[in-house]
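*Asks:* My structure is below; once you've seen it, I'll send some questions.
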Amino acid sequence: MNLAGKRILLIVAGGIAAFKVPELIRALRREGAAVRCVLTTGGAQFVTPLTLQALSENRVYSDIFSLTDESEMGHIQLSRGADLIVVAPATANLLARMAAGLADDLAATVLLATDKPVLVAPAMNVRMWQHAATATNMAILQARGVHVIGPDEGVMACNEYGPGRMSEPPAIVEAIRAMLTDVPGPLAGRHVLVTSGPTHEPIDPVRYLANRSSGRQGHAIAAALAALGARVSLVSGPVSLPDPAGVAVQRVETAIEMLAACQAALPADAAVFAAAVADWRVAQAAGQKLKKQPGTPAPKLALVANPDILATLAAPGPQRPHLVVGFAAETHDMLAHAKAKRQRKNADWIVANDVSPATGIMGGAENEVHLITAAGIEDWPRMAKDEVARRLAARIAGALPVK
Ligand code: C5P
4 MNLAGKRILL IVAGGIAAFK VPELIRALRR EGAAVRCVLT TGGAQFVTPL
54 TLQALSENRV YSDIFSLTDE SEMGHIQLSR GADLIVVAPA TANLLARMAA
104 GLADDLAATV LLATDKPVLV APAMNVRMWQ HAATATNMAI LQARGVHVIG
154 PDEGVMACNE YGPGRMSEPP AIVEAIRAML TDVPGPLAGR HVLVTSGPTH
204 EPIDPVRYLA NRSSGRQGHA IAAALAALGA RVSLVSGPVS LPDPAGVAVQ
254 RVETAIEMLA ACQAALPADA AVFAAAVADW RVAQAAGQKL KKQPGTPAPK
304 LALVANPDIL ATLAAPGPQR PHLVVGFAAE THDMLAHAKA KRQRKNADWI
354 VANDVSPATG IMGGAENEVH LITAAGIEDW PRMAKDEVAR RLAARIAGAL
404 PVK
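Positions 4 to 406 (the numbering used here) are the ones given, in order, by the sequence shown.
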């Protein structure tokens, strides 16, 4: 009961993600919080006041001009009676109204009148999320101190995919706990090392060998571990992703640099090796750009093996993290290869996934993984990479010995 006695005013705006709100209310109540809901006109198209009322065991407020509401519980009282205002789902429209300081319905008026902390959980179509107007509104709100959770990446109701899905209720509850309580997260006091992204192995000053890893899964894992209170060191190859909030990021290019950065980050309680490290590098990268010479044959690239970062850090020794998690991206015989890899590299767990092009996993927003431990194989359903990250982070928290 991490949220015992906490009072949450939950503003529900009009998005398909409102279907997750009943689950959010239930989760908050389980944690001991009191929940009062404000439902916008749009929100009422997706979830009924009766549902929210039954689950929150409080009446639901919608109408700013209702005399009884204004005399019994006006917009100022709604804000006064809360420790935190949560907007979930926060639509592009409501975020724009917040940024502009409009007070054109009860939700916007409460948000304008409040001096309480505010957490928004955006949910919208990916193009609306990526539109410059929404980006500007988010920057304005964050500069004013509004907290943000999500949105997650994944397939959307409109069949597009990308960032725009409302974060799952457990993640929203975790963000609320972090804002409202001193209760430490389950990974507080722990240090976790994460690798992410590809590596770039130079051929000459302008060319390199690389792979298609986007770093999405590794970055999501770093963010999920930090959300549970861990101190996270993320060693990342070249990616076009923003640094996850609250994570110390060390950017590297090559496998050799990645290994050095990982070793420098030790000791760690746990390590997750999600990077797609190049297996080979060019033995002798040219100091100058290789030139095409008419009449001479194409250059031959001699390759040498890169160090295996996972195997190096998982080898027995005083610096070995208590829990070492590797990844296995395979295109065939996935489970057999992954099981062999767990033993060969001395990893405790391997997260195996099929990266055949048809799966759309490499570079995509979703993942379908199998967790291989000493106890056997668990098949996880296909889900957003953020959700895989959260589940894995929770499992890591559960697997570390009590301090
Ligand atoms: O051997 P393979 O590349 O399939 O192994 C995958 C796992 O090993 C991943 O966890 C990856 O991050 C890690 N790895 C590594 N250093 C390498 C190659 C792989 O840490 N040079």
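Using N, Cα and C, we set each Cβ at its ideal position, and we do this for glycine too.
Remember, predicted model here, so these are calculated numbers, not experimental data.
1. Under 8 Å, with one C-beta from each stretch per pair, do the region 78-93 and the region 12-25 reach the 3-pair mark?
2. Would you say the beta carbon of T51 comes nearer than 7 Å to a heavy atom of the ligand C5P?
3. By DSSP, does T51 sit in helix, in strand, or in coil?
4. G379 bridges to which residues according to DSSP?
5. Measuring only the C-alpha atoms, how far is L31 from L55?
6. Whose beta carbon lies closer than 5 Å to any heavy atom of the ligand C5P, going through the chain in order?
7. Given L6, which residues of its chain have a CB within under 6 Å of its CB, disregarding the five upstream and five downstream residues?
8. Between A57 and the ligand NAD, is the CB less than 7 Å from at least one heavy atom?
9. Out of P297, G165, M169, point me to the one whose CA is closest to A126's CA.
10. Output yes or no for whether 8 Å exceeds the beta carbon distance between K344 and G367.
11. Considering just the uninterrupted stretch of the alpha helix (DSSP H) at E414, what are its terminal residues?
12. Using the DSSP secondary-structure output, state which residues sit across from P205 in a beta bridge.
13. Can at least three beta-carbon pairs, one atom from the region 186-193 and one from the region 228-245, be found at a separation below 8 Å?
14. Taking its Cβ as the centre, do 16 or more other Cβ atoms sit within 10 Å of A135, making it buried, or is it exposed?
15. With a threshold of 8 Å, are at least 3 pairs of Cβ atoms found where one atom belongs to the region 311-320 and the other to the region 245-254?
16. Are there 16 or more other CB atoms within 10 angstroms of the CB of D107, so buried, or fewer, so exposed?
17. Using beta-carbon positions only, say whether L105 and M141 come within less than 8 Å of one another.
18. Thinking just about the alpha-carbon of each residue, which of A138, L81, M131 is nearest to the one in L115?
19. Looking at C-alpha atoms only, which residue of A57, H335, S65 is the closest neighbour of G45?
20. Using three-state DSSP, classify I152 as helix, strand or coil.
21. Go ahead and pull the three-state DSSP assignment for H194.
22. Can you round the beta-carbon distance between L122 and H150 to whole angstroms, since I take them to be within the 8 Å contact cut?
23. How big is the Cα-Cα spacing for V209 and K292?
24. For A124, which option in A146, L269, L27, N214 has the closest C-alpha, if you only look at C-alpha atoms?
25. Assign M261 to one of three DSSP states: helix, strand, or coil.
26. With C-beta atoms as the reference, is N214 less than 8 Å away from A281?
27. Check I14 in the structure and name its three-state DSSP category.
28. Checking 8 Å against the spacing of the C-beta atoms, do V285 and L304 come in under that value?
29. Counting only runs of 3+ residues fully inside the region 265-314, write out the beta strand (DSSP E) ranges in chain order.
30. What do you get for L326, buried or exposed, if any count of 16 or more other CB atoms within 10 angstroms of its CB means buried?
31. Along the chain, where does the beta strand (DSSP E) that runs through L122 open and close?
32. What do you reckon, are the CB atoms on I380 and H373 nearer than 8 Å?
33. Using the rule of at least 16 other Cβ atoms within 10 Å of the residue's Cβ for burial, across every protein chain shown, is E60 buried or exposed?
34. Figure out for me which residue from Q48, D389, E156 has the closest Cα to the Cα of I224.
*Replies:* The short version:
1. yes
2. no
3. coil
4. T376
5. 13 Å
6. F276, A278, V280, N309, D311, I312, L313, G329, F330
7. E34, G35, A36
8. Ligands displayed in this structure: the ligand C5P; the ligand NAD is not among them.
9. M169
10. no
11. Here the chain comprises residues numbered 4 to 406, so residue 414 is not present and cannot be evaluated.
12. Y211
13. yes
14. exposed
15. no
16. exposed
17. no
18. L81
19. S65
20. coil
21. strand
22. 4 Å
23. 7 Å
24. L27
25. helix
26. yes
27. strand
28. yes
29. 273-276, 283-285, 306-308
30. buried
31. 121-125
32. yes
33. exposed
34. D389
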